[in-house]
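Colleague: Counting in the working numbering, the sequence shown runs from 70 upward without gaps. Note that the Cβ used here is the ideal one computed from N, Cα and C, for glycine as well. Below is the structure I would like to discuss, written out as structure tokens.
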Amino acid sequence: MVKRKTTVLLEHHLKQLKLPTMLREYASVAAVCGRENAAFETYLLRLCERELIDRQQRATERRIKAAKFPAIKTIESFDFSAQPSINEALIRELLTGEFIDRRENVLLIGNSGTGKTHLATALALAACHEGAKVRFVGTTALVTQLLESREDRRLERHLKQLSRQALIVLDELGYVPFSKAGAELLFEVVSRAYERQSLIVTTNLPFEQWVEVMGNERLTGAMLDRLTHRVHIVEANGDSYRLRDSQRRMTRRRKQPSDK
Ligand code: ADP
Ligand code: MG
């Protein structure tokens, strides 16, 4: 009877203290520790360790969800041999996330289908695991959203929300030219991030063509200046992985009927 009261109270307190892992595991860990004749401190330590590990994992999952990746892509699923132009050593170094501590940027430049978005996602995902707040956005979508926010007088709030991230991925800059107001808002994001946050930008455009999407030479110059002050440049100039992949599949399909 006394035991029952103790467990009820214990479980209530663990819930109040928001220690779900301890709540779930206190009995089974107690059984193990009992068999091992472990000290009380050992029991408490094991429970604390489990709670901490689970808590870190839950926080990582929350960061990944909040990052809003269009698709989860990992470095393990990236085939470096399919894209030899990519500096693998640099990517491995960037995966440690130290560039974020140093507020440095990463530019992934190359043709369509060369794995830029895949690599940007893998880098940002690794950053989530390292504890960084991350937001992944398509550049065009971001500019559209910022323009809408401005119309609704929510622009400042929107920009503040972005500035709370340690890392912003601006995916696919250069596919669609911006309006004058749009280009200015993108500049605002880059300019606020300068030396405060890290940016990863993926683009199919070499620098000399950025003015074509930004529309204004001075603004482009100022933006590139901030973006490239402390930057790691990853160039991908091989063939499209998508194209090769679908060609491979087509050849396989073509071969199959005659195989019969
Ligand atoms: P980009 O952003 O450069 O246009 P993506 O990163 O979107 O290209 O790549 C297109 C598709 O091909 C994606 O599904 C991606 O996961 C895959 N892909 C590209 N390069 C590789 C690679 N080297 N290894 C594995 N998958 C790749
Ligand atoms: Mg892409």
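1) Just to confirm, are L274 and I178 a CB contact at a threshold of 9 Å?
2) Would DSSP call F149 helix, strand or coil?
3) In the structure shown, what three-state DSSP assignment does F247 receive?
4) Helix, strand or coil for S267 per DSSP?
5) Specify the secondary structure class of V77 as computed by DSSP and reduced to three states.
6) Skipping 5 residues on each side, what residues in its chain have a beta carbon closer than 7 Å to that of V280?
7) Taking Cβ positions, are I237 and Q266 nearer each other than 9 Å?
8) How about F168 and T190: do their beta carbons lie closer than 9 Å?
9) Pick helix, strand or coil for A305, following the three-state DSSP scheme.
10) What would DSSP say about D240, mapped onto helix, strand or coil?
11) If you draw a straight line from the alpha carbon of L92 to that of V98, how long is it in whole angstroms?
Modeller: Quick look at the numbers:
1) yes
2) In the structure shown, F149 sits in a helix (DSSP, three-state: H, G or I).
3) coil
4) strand
5) helix
6) E286 and T289
7) yes
8) No, these two residues do not count as a Cβ contact at 9 Å.
9) Assigned with DSSP and collapsed to three states, A305 falls in strand.
10) strand
11) 11 Å
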